[in-house]
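K.L.:
Sharing a structure below in structure tokens format, with a few things to ask.
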Amino acid sequence: MMMNTKRRKKKKNQSTMQSQADGQKDTPEEAPKTPMKGQSLQTPATPVRARTATTLPPPALSVAPSTPSAPVVKAKVGSEPETYDGKEKGAKSKAWLRKAMAYVKLNETRYPDDRDKILFFCGRLTGHAEKWAAPIFDAYNDDDYTYQNLNDLQAFTEAFEKNFGDPDAGHTAERQIQSLHQGNMRASEYTTKFNTIAYELVRWGQAPLMAIYRKGLRVKIQNVLATTMGPAKPHTLQALKDFAIELDNQLRENKVATKRLSGSTQKKPENKPEGGTCT
Numbered sequence: 000m001m002m003n004t005k006r007r008k009k010k011k012n013q014s015t016m017q018s019q020a021d022g023q024k025d026t027p028e029e030a031p032k033t034p035m036k037g038q039s040l041q042t043p044a045t046p047v048r049a050r051t052a053t054t055l056p057p058p059a060l061s062v063a064p065s066t067p068s069a070p071v072v073k074a075k076v077g078s079e080p081e082t083y084d085g086k087e088k089g090a091k092s093k094a095w096l097r098k099a100m101a102y103v104k105l106n107e108t109r110y111p112d113d114r115d116k117i118l119f120f121c122g123r124l125t126g127h128a129e130k131w132a133a134p135i136f137d138a139y140n141d142d143d144y145t146y147q148n149l150n151d152l153q154a155f156t157e158a159f160e161k162n163f164g165d166p167d168a169g170h171t172a173e174r175q176i177q178s179l180h181q182g183n184m185r186a187s188e189y190t191t192k193f194n195t196i197a198y199e200l201v202r203w204g205q206a207p208l209m210a211i212y213r214k215g216l217r218v219k220i221q222n223v224l225a226t227t228m229g230p231a232k233p234h235t236l237q238a239l240k241d242f243a244i245e246l247d248n249q250l251r252e253n254k255v256a257t258k259r260l261s262g263s264t265q266k267k268p269e270n271k272p273e274g275g276t277c278t
């Protein structure tokens with residue numbers, strides 16, 4: 000009987016162990032724990048690999064070879080400078096060169112570099128000046144581009160002024176401006192001549208030029224200037240020139256009007272009948 004009791008306990012224990020084993024198999028996996036109040040559940044960030052866009056090169060285009068276009072030459076602007084023969088030096092040569100420089104600047108597309116400009120200048124020379132330019136033409140014809148007067152505009156102008164300029168231009172201008180008088184000229188013409196000479200007197204100040212200009216004006220204009228006071232009195236050289244030109248024009252107009260008025264009021268002589276008196 001005792002042995003039967005032990006067998007029953009053994010079977011019971013085996014049944015219990017089997018039930019526990021079966022229960023473990025049916026139990027699902029443990030769910031993630033819910034954070035308690037005040038705690039945060041941190042999930043590690045998963046690094047994301049950036050995707051690099053693959054750009055395919057565009058298909059090669061077949062381009063036909065282009066023919067270089069010819070440089071555009073604009074139409075000629077202005078009139079060419081007159082020829083220069085080299086006889087009259089000083090102010091004449093300087094005025095000619097100034098005009099020639101302005102012309103090639105206006106026509107830059109026709110004379111793009113120094114050599115083109117120099118050859119144009121030499122083409123406008125005649126007589127003695129043309130003989131002076133002969134070495135420049137020879138250098139060009141011989142393809143001698145080392146000759147400075149052919150390739151350097153500054154060297155050309157310096158050589159030109161040395162041969163045809165006035166080495167004593169300052170003193171010459173002083174003598175000319177001191178002997179200049181308006182006379183019967185209009186004030187505008189007198190002013191133009193004055194400006195041409197004064198251009199060489201760069202060292203002179205405004206005050207001496209004003210004194211010389213005023214001294215050369217007609218006496219009537221000088222008298223009006225002497226009596227002009229206040230704001231109307233010119234205090235600069237340009238204002239003095241403008242005042243003299245305007246006053247000179249006014250005086251001439253008044254003179255013409257006076258002559259016209261005197262001519263219209265002059266009485267004509269009475270025509271007497273021919274022969275004796277009738278009785």
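Numbering (numbering that gives the first Met the number 0), first residue to last: 0 to 278. Each residue gets a CB set at the ideal place from its N, CA and C atoms; glycine is no exception.
#1: DSSP three-state label for Y198, please.
#2: If you pair each beta-carbon of the region 77-97 with each one of the region 152-165, do three or more pairs fall below 8 angstroms?
#3: Between the C-alpha atoms of P111 and Q177, what's the straight-line distance to the nearest angstrom?
#4: From what residue to what residue does the alpha helix (DSSP H) around P134 run?
#5: Starting from the C-beta of P80, find all residues in its chain whose C-beta is less than 7 angstroms away, skip the five residues before and the five after it, and write them out in chain order.
#6: Given a cut-off of 8 angstroms on the beta-carbon distance, is the pair M209 and L239 in contact?
#7: Please determine, among E199, Y189, N222, R202, the residue with the shortest C-alpha to C-alpha distance to A212.
#8: From the DSSP secondary-structure annotation, give me the bridge partner or partners of A83.
#9: Between which two residues does the alpha helix (DSSP H) holding R217 run?
#10: Just verifying my parser: in three-state terms, what is the DSSP assignment at R259?
#11: Indicate whether A243 and A186 have their beta-carbon atoms separated by less than 8 angstroms.
#12: Looking at the secondary structure, which residues open and close the alpha helix (DSSP H) in which N162 lies?
#13: Quick one: what does DSSP say A206 is sitting in, helix, strand or coil?
#14: May I ask you to report which of helix, strand or coil DSSP gives L179?
#15: For D115, tell me which candidate among Y139, N222, W131, N253 has the shortest Cα-Cα distance.
#16: Return the first residue and the last residue of the alpha helix (DSSP H) that R97 is part of.
#17: Take L236 and list the residues in its own chain whose beta-carbon comes closer than 8 angstroms to its own, dropping the five residues that flank it on each side.
#18: Would DSSP call S78 helix, strand or coil?
#19: Here's the rule: buried if 16 or more other CB atoms are within 10 angstroms of the residue's CB, otherwise exposed. What is A128?
#20: How big is the Cα-Cα spacing for L179 and G215?
P.N.:
The answer reads as follows:
#1: Stepping through the sequence shown from its first residue, residue 198 is reached at position 199. The answer is coil: DSSP assigns Y198 none of H, G, I, E or B.
#2: yes
#3: For the purposes of this step, residue 111 is taken as the residue at position 112 of the sequence shown. For the purposes of this step, residue 177 is taken as the residue at position 178 of the sequence shown. Using only the alpha carbons, I get a separation of about 43 angstroms.
#4: Looking up residue 134 in the sequence shown gives position 135. Per DSSP, P134 belongs to the alpha helix (DSSP H) from 133-140.
#5: Start at 1 with the first residue of the sequence shown, and residue 80 comes out as number 81. Contacts found: W95, K98, A99, Y102, R123.
#6: Translated into positions along the sequence shown, residue 209 becomes position 210. Translated into positions along the sequence shown, residue 239 becomes position 240. Going by C-beta atoms, M209 is nearer than 8 angstroms to L239.
#7: The residue given as residue 212 occupies position 213 in the sequence shown. Looking at the sequence shown, residue 212 is not Ala but Tyr. Of the listed residues, the one whose Cα sits closest to Y212 is Y189.
#8: Working through the sequence shown from its first residue, we reach residue 83 at position 84. The amino acid at residue 83 is misidentified as Ala; the sequence shows Tyr. Note: Y83 sits in a beta bridge opposite L124.
#9: Counting from 1 along the sequence shown, the entry for residue 217 is found at position 218. R217 -> no alpha helix (DSSP H), and no H or E assigned at all.
#10: Counting from 1 along the sequence shown, the entry for residue 259 is found at position 260. DSSP places R259 in helix when its eight states are reduced to three.
#11: Translated into the one-based positions of the sequence shown, residue 243 becomes position 244. Translated into the one-based positions of the sequence shown, residue 186 becomes position 187. Yes, they are a contact pair.
#12: Counted from its first residue, the sequence shown places residue 162 at position 163. Taken as a continuous stretch (DSSP letters only), the alpha helix (DSSP H) holding N162 covers 152-163.
#13: Translated into the one-based positions of the sequence shown, residue 206 becomes position 207. Helix, per DSSP.
#14: Taking the first residue of the sequence shown as position 1, residue 179 is located at position 180. In the structure shown, L179 sits in coil (DSSP, three-state: anything other than H, G, I, E or B).
#15: On the sequence shown, position 116 is the one that residue 115 refers to. Selected option, being the one with the closest Cα: Y139.
#16: Within the sequence shown, numbered from 1, the residue matching residue 97 stands at position 98. Where R97 is concerned, the enclosing alpha helix (DSSP H) stretches over 90-105.
#17: Looking up residue 236 in the sequence shown gives position 237. Q205, L208, M209, Y212.
#18: For this step, residue 78 is matched to residue 79 along the sequence shown. If DSSP states are grouped into helix, strand and coil, S78 belongs with coil.
#19: Position 129 of the sequence shown, counting from 1, holds the residue named residue 128. Buried: at least 16 other Cβ atoms inside 10 Å.
#20: By one-based count along the sequence shown, residue 179 stands at place 180. By one-based count along the sequence shown, residue 215 stands at place 216. Distance between the alpha carbons of L179 and G215: 6 angstroms.
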